[in-house]
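Peer 1: Per my numbering, the sequence shown starts with residue 524, numbered consecutively.
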Amino acid sequence: MTAKHILLGISGGIAAYKSCELVRLLKKQGHTVSVAMSRAAAEFVSPLTFQALSGQPVLTDTHDNRHEGNGMAHINLSRRADLMLIAPASANTLAKIAHGIADNLLTNLAAARNCPLAVAPAMNVEMWHNPANQRNIARLQQDGITVIQPQYGEQACGETGVGRMPEAAELAELIPDLWTPKTLAGKRVLLTAGATFEAIDPVRGITNLSSGQMGVALARACRAAGAEVTLIHGQLQVALPAGLAETVRADSADDMFAAVHQRIAGCDVFISVAAVADYKVGNRSAQKLKKDGSGRPPVIELTENPDILASVAALPHAPYCVGFAAESERVVEYARAKRLKKGIPLIIANQVAQTMGKTVNQVTLISEHRETALPEMSKSDTAAAIVAELGKLLP
Ligand code: CTP
Numbered sequence: 524m525t526a527k528h529i530l531l532g533i534s535g536g537i538a539a540y541k542s543c544e545l546v547r548l549l550k551k552q553g554h555t556v557s558v559a560m561s562r563a564a565a566e567f568v569s570p571l572t573f574q575a576l577s578g579q580p581v582l583t584d585t586h587d588n589r590h591e592g593n594g595m596a597h598i599n600l601s602r603r604a605d606l607m608l609i610a611p612a613s614a615n616t617l618a619k620i621a622h623g624i625a626d627n628l629l630t631n632l633a634a635a636r637n638c639p640l641a642v643a644p645a646m647n648v649e650m651w652h653n654p655a656n657q658r659n660i661a662r663l664q665q666d667g668i669t670v671i672q673p674q675y676g677e678q679a680c681g682e683t684g685v686g687r688m689p690e691a692a693e694l695a696e697l698i699p700d701l702w703t704p705k706t707l708a709g710k711r712v713l714l715t716a717g718a719t720f721e722a723i724d725p726v727r728g729i730t731n732l733s734s735g736q737m738g739v740a741l742a743r744a745c746r747a748a749g750a751e752v753t754l755i756h757g758q759l760q761v762a763l764p765a766g767l768a769e770t771v772r773a774d775s776a777d778d779m780f781a782a783v784h785q786r787i788a789g790c791d792v793f794i795s796v797a798a799v800a801d802y803k804v805g806n807r808s809a810q811k812l813k814k815d816g817s818g819r820p821p822v823i824e825l826t827e828n829p830d831i832l833a834s835v836a837a838l839p840h841a842p843y844c845v846g847f848a849a850e851s852e853r854v855v856e857y858a859r860a861k862r863l864k865k866g867i868p869l870i871i872a873n874q875v876a877q878t879m880g881k882t883v884n885q886v887t888l889i890s891e892h893r894e895t896a897l898p899e900m901s902k903s904d905t906a907a908a909i910v911a912e913l914g915k916l917l918p
């Protein structure tokens, strides 16, 4: 990820405390963060806290002359920034920016900026739904300002509803999307990820070593590229991504099959990353299996699972289907055959031992006329490269 200069504006609201952690996380990602606060924000969190966390002077006054240059902080600060982010953004600050009012440092910075602006509103549920606020939000979006949607939940005032600013970790995950090319804008993508689990009895089952890292990385990369993303997942050893349209837990292959087919209509792309068990237990026991004293192990009968990917590819209005082929030998040869057998335009081949549970992998993209071997890299870089290629391949 390339290091950016982020100008973080903080307006008055209790959510300002989350921005302390946000500064730390953005710096950890390698970015430089300068903080500007409204006077009301400085009542909630001390500018000194942000100064210590950002390692930069924190300005609160339009005419603060601590800033180098011509003493015009409200102009200079955004000139070095790749992004201005106001988080939290109060209803008052949003209203002023929507109307071009510049009467304090934050609103002056927003008016005089020459970089993109994103806002993370935080306010009481009634203030959020207030028609004047909604008009302002629509106006800001029309003006090309990114509005990071507030979330539903319990609010500091004790009421419950939409208006909570996302947690710092979520914002830190979503912000780099702002400078990712929107190669999948307007596309709906459905993905499967993780390991399926086929129950033998109420406490035991058959699963595999998939960690879900690749599927989760691809879901993030599709979201960053502007797609509306639904993720259907089995067992994951990594956290779910932020900012998806829907995430659905489906443990067995049958549950995953049903969850996919309930949601596939209208999707442009289906990416099947889940490591789906080929077989399920035909004689699953409703009770925990007990040793019967004979010394003979119980007989577990396996029956074949549906092939989710092949079933989606065979639909009359099938989306663009992408499969994965994790092979232990003759990787590319087997993957080519699997692409044809499943009737899909693109398959990603990789070596089982080099990918499962690892944070890096090396894959080969195989389509009808092209085979591209990507270098070994992190799964998130691999996911970004696959999504860039997908953007070119989609009709
Ligand atoms: N897949 C699926 N449903 C299944 C099995 C696999 O959707 N029941 C998908 C996987 O998500 C992956 C692709 O098919 O995208 C290939 O999976 P893989 O396990 O490598 O292949 P199989 O179809 O199981 O074939 P084989 O057992 O011959 O390797």
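Even for Gly, the Cβ is constructed at its ideal location relative to N, Cα and C.
1) Figure out for me which residue from 609, 619, 618 has the closest Cα to the Cα of residue 643.
2) Provide the residue span of the beta strand (DSSP E) that contains residue 790, from first to last.
3) Just how far apart, CA to CA, sit residue 868 and residue 817?
4) Leaving out five residues before and five after residue 690 in sequence, what residues of the same chain have Cβ atoms less than 7 angstroms from its Cβ?
5) Can you tell me whether DSSP reads residue 711 as helix, strand or coil?
6) Could you tell me whether the Cβ atoms of residue 720 and residue 758 are closer together than 7 angstroms?
7) Note down, in chain order, each residue of its chain lying with its Cβ closer than 7 angstroms to the Cβ of residue 859, except the 5 sequence neighbours on either side.
8) Any heavy atom of the ligand CTP closer than 6 angstroms to the CB of residue 847?
9) Residue 724 to residue 754, Cα distance in whole Å?
10) Work out the CA separation of residue 835 and residue 784 for me, nearest whole Å.
11) Entirely within the stretch 723 to 784 and at least 4 residues each: give me those alpha helix (DSSP H) ranges in chain order.
12) Tell me which same chain residues have a C-beta within less than 6 angstroms of the C-beta of residue 842, skipping the five on either side of it?
13) Taking residue 673 as the reference, give the member of 799, 679, 651 with the closest Cα.
14) How about residue 808: is its Cβ closer than 6 angstroms to a heavy atom in the ligand CTP?
15) May I have the straight-line CA-CA distance separating residue 879 from residue 849, to the nearest angstrom?
16) Starting from the C-beta of residue 750, find all residues in its chain whose C-beta is less than 6 angstroms away, skip the five residues before and the five after it, and write them out in chain order.
17) Return the first residue and the last residue of the alpha helix (DSSP H) that residue 705 is part of.
18) How would you write the range of the beta strand (DSSP E) that residue 687 sits in, first residue to last?
19) Going by the CB atoms, is the gap between residue 897 and residue 908 shorter than 7 angstroms?
20) Give the range of the alpha helix (DSSP H) segment to which residue 646 is assigned.
21) Is residue 545 near the ligand CTP - that is, is its Cβ less than 6 angstroms away from at least one heavy atom of it?
22) Per DSSP, what kind of secondary structure is residue 834 in: helix, strand or coil?
23) Considering Cα atoms alone, identify which of 787, 822, 811, 886 is closest to residue 837.
24) Within this structure, are the beta carbons of residue 545 and residue 694 separated by less than 7 angstroms?
25) Between the Cα of residue 667 and the Cα atoms of 621, 600, 735, 645, which residue gives the shortest distance?
26) Tell me whether residue 813 sits in a helix, a strand or coil according to DSSP, three-state version.
27) Three Cβ pairs or more, each shorter than 8 angstroms: is that satisfied between the stretch 731 to 751 and the stretch 825 to 832?
28) Judging by CA-CA distance, which residue of 536, 715, 641, 901 is the nearest neighbour of residue 561?
29) Check for me: the alpha helix (DSSP H) holding residue 574 runs from which residue to which?
30) Looking at residue 597: is its Cβ nearer than 7 angstroms to the Cβ of residue 640?
31) Between residue 605 and the ligand CTP, is there a pair consisting of the residue's CB and a ligand heavy atom that are separated by less than 6 angstroms?
32) Can you tell me which of 699, 698, 648 puts its alpha carbon nearest to the alpha carbon of residue 680?
33) How about residue 832: is its Cβ closer than 6 angstroms to a heavy atom in the ligand CTP?
34) Can you list, in chain order, the residues of its chain with a C-beta nearer than 8 angstroms to that of residue 854? Leave out the 5 residues immediately preceding and following it.
Peer 2: Reading from the atomic positions:
1) If we check each option's Cα against that of residue 643, 609 comes out closest.
2) Looking at the DSSP string, residue 790 is not in any beta strand (DSSP E), and its letter there is neither H nor E.
3) In this structure, the straight-line span from the alpha carbon of residue 868 to that of residue 817 is close to 52 angstroms.
4) So the qualifying residues of the chain are 541.
5) Looking at residue 711 - three-state DSSP - the assignment turns out to be strand.
6) Contact check for residue 720 against residue 758 passes: the beta carbons are separated by less than 7 angstroms.
7) Close CB contacts of residue 859 within its chain, under the 7 angstroms cut and outside five residues either way in sequence, are with 889 (chain order).
8) Short note on residue 847: C-beta closer than 6 angstroms to some heavy atom of the ligand CTP.
9) Between residue 724 and residue 754, the alpha-carbon positions lie close to 27 angstroms from each other.
10) Answer to the nearest angstrom: the Cα atoms are 8 angstroms apart.
11) With a minimum length of 4 residues, the continuous alpha helix (DSSP H) runs that stay inside the stretch 723 to 784 are 736 to 747.
12) Same-chain partners within the cutoff: 790, 791, 792, 793.
13) Nearest C-alpha to residue 673: 651.
14) Flag unset: Cβ of residue 808 not near the ligand CTP.
15) When rounded, the distance between both Cα atoms is 9 angstroms.
16) Result list for residue 750: 707, 710, 712, in chain order.
17) First-last for residue 705: undefined, no H or E at that position.
18) Following the DSSP letters along the chain, one finds residue 687 inside the beta strand (DSSP E) bounded by residues 683 to 687.
19) Cβ distance < 7 angstroms, so residue 908 and residue 897 count as in contact.
20) Looking at the DSSP string, residue 646 is not in any alpha helix (DSSP H), and its letter there is neither H nor E.
21) False, no ligand heavy atom lies under 6 angstroms from that Cβ.
22) Of the three classes helix, strand and coil, the one that applies to residue 834 here is helix, per DSSP.
23) Ranking the options by Cα distance to residue 837, first place goes to 787.
24) Pairing residue 545 with residue 694 gives a Cβ-Cβ distance under 7 angstroms.
25) Checking every option, the nearest Cα to that of residue 667 belongs to 621.
26) Coil at residue 813, not helix or strand.
27) Inter-segment contact for the stretch 731 to 751 and the stretch 825 to 832 is absent: fewer than three beta-carbon pairs are separated by less than 8 angstroms.
28) Among 536, 715, 641, 901, the Cα nearest to that of residue 561 belongs to 536.
29) In the DSSP annotation of this structure, the continuous segment of the alpha helix (DSSP H) that includes residue 574 starts and ends at 570 to 577.
30) The Cβ-Cβ distance between residue 597 and residue 640 does not fall below 7 angstroms.
31) No, the ligand CTP has no heavy atom inside 6 angstroms of this Cβ.
32) Closest option to residue 680, judged by alpha-carbon separation, among 699, 698, 648: 648.
33) It does: the Cβ of residue 832 is within 6 angstroms (strictly closer) of some heavy atom of the ligand CTP.
34) Closer than 8 angstroms at Cβ, skipping near neighbours: 848, 872, 873, 874, 887.
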